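>
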Amino acid sequence: MTDQVNFAIVGCGRISDLHAKAYLKNPNANLAAICDLDEQKADEKGHDWGVPADVVFQNVNAMLKEESIDAVDLLLPHHLHAKMTEQAAKAGKHVSVQKPMALNLTECQHMIDVCTDAGVKLRVFENFRFYPPYMKAKELLDEGVIGRPSFIHIKLCSSMNGGWNVPLDAWEWRFDDERCGGGPLVWDDGYHKFSIANYFLGEVEKVKAWIDCTGVFADEQEPPTVLDAPAAIMWKSP
13 MTDQVNFAIV GCGRISDLHA KAYLKNPNAN LAAICDLDEQ KADEKGHDWG VPADVVFQNV
73 NAMLKEESID AVDLLLPHHL HAKMTEQAAK AGKHVSVQKP MALNLTECQH MIDVCTDAGV
133 KLRVFENFRF YPPYMKAKEL LDEGVIGRPS FIHIKLCSSM NGGWNVPLDA WEWRFDDERC
193 GGGPLVWDDG YHKFSIANYF LGEVEKVKAW IDCTGVFADE QEPPTVLDAP AAIMWKSP
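According to this note's numbering, the stretch in the sequence shown is residues 13 to 250, in order.
1. Would you decide whether residue 58 is buried or exposed? Buried here means 16 or more other CB atoms lie within 10 Å of its CB.
2. Suppose the cutoff is 6 Å on Cβ atoms and the five residues either side in sequence are ignored; what does the same chain contact list for residue 67 look like?
3. On the three-state DSSP scale, how would you describe residue 165?
4. If we require 4 or more residues per run, which alpha helix (DSSP H) segments fall completely within the stretch 36-78?
5. Roughly how many angstroms lie between the CA atoms of residue 47 and residue 108, to the nearest whole one?
6. Between the alpha carbons of residue 77 and residue 53, how many angstroms are there, rounded?
7. What is the DSSP secondary structure of residue 198, counted as helix, strand or coil?
8. Alpha carbon to alpha carbon, how far is residue 35 from residue 142? Give it in angstroms, no decimals.
9. Are the Cβ atoms of residue 23 and residue 87 separated by less than 8 Å?
10. For residue 96, does the three-state DSSP call read helix, strand or coil?
11. For residue 18, which three-state DSSP category applies?
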């Protein structure tokens, strides 16, 4: 590889705008290709991000044949992580995958094994650990300035409405166990919070959890959307 890493984005959903923005601003990165099954969406993103039409793909296998690509950024529903990581690794591409890594430990280990065998790097993307206030807190902990932490209390109140416009169809798969692997709150978004706790406290020794389900009715004629909430999770570090 040269000093500039040639990235390809696989999956042009809502989160891809943030990743592309970072690549386009980073002098050490080059957005070399993009891929999405939706041809119109891929073409629109390619136009928005200045990606040449000849490296805008609908077929990931065709994209992986591009020798110029060093690494792929998989921005996909969780059930596709293991399969797509294997395909990218066997094509000799380094892999960045969104959290959570996969649906279960077996898939996670398989991803590690295929990347190790292929001699490529595998990264699970976790942006919360790079949030400056958290990084500063970690620095103070490591330096012993504020002592050894003994307790972290995380209270999460979440909504799909906020300052960033995310269409409802971008959330739909998160309510499907087969595609998400769990629920949108504890399993999907909760990963960020557990990652920060692990970052500050170290490895986890013991976990106790209680999770209920809440039905949210968008239409009385349709089955409710099920949220993995309310929930209470406690863990003990050594």
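Even for Gly, the Cβ is constructed at its ideal location relative to N, Cα and C.
Keep in mind it's a predicted model, so treat the numbers as computed, not measured.
Inspection of the coordinates gives the following:
1. The residue given as residue 58 occupies position 46 in the sequence shown. Buried, since its Cβ has 16 or more Cβ neighbours within 10 Å.
2. Translated into positions along the sequence shown, residue 67 becomes position 55. When the five nearest sequence neighbours on each side are left out, the beta carbons in the same chain lying within less than 6 Å of the beta carbon of residue 67 are those of 45, in order along the chain.
3. Taking the sequence shown and counting its residues from 1, the one referred to as residue 165 is at position 153. If DSSP states are grouped into helix, strand and coil, residue 165 belongs with coil.
4. You should have 51-61 and 72-76.
5. Taking the first residue of the sequence shown as position 1, residue 47 is located at position 35. Taking the first residue of the sequence shown as position 1, residue 108 is located at position 96. For the pair residue 47 and residue 108, the Cα-to-Cα distance works out to about 15 Å.
6. Here residue 77 is taken as the residue at index 65 of the sequence shown, counted from 1. Here residue 53 is taken as the residue at index 41 of the sequence shown, counted from 1. Going by the C-alpha atoms only, they are around 22 Å apart.
7. Taking the sequence shown and counting its residues from 1, the one referred to as residue 198 is at position 186. Residue state, collapsed to three classes: helix.
8. Position 130 of the sequence shown, counted from the start, is the residue given in the question as residue 142. Position 23 of the sequence shown, counted from the start, is the residue given in the question as residue 35. Near 16 Å, if we compare the C-alpha coordinates of residue 35 and residue 142.
9. Working through the sequence shown from its first residue, we reach residue 23 at position 11. Working through the sequence shown from its first residue, we reach residue 87 at position 75. The Cβ atoms of residue 23 and residue 87 sit closer than 8 Å to each other.
10. Start at 1 with the first residue of the sequence shown, and residue 96 comes out as number 84. Three-state result, residue 96: helix.
11. For the purposes of this step, residue 18 is taken as the residue at position 6 of the sequence shown. If DSSP states are grouped into helix, strand and coil, residue 18 belongs with the strands.
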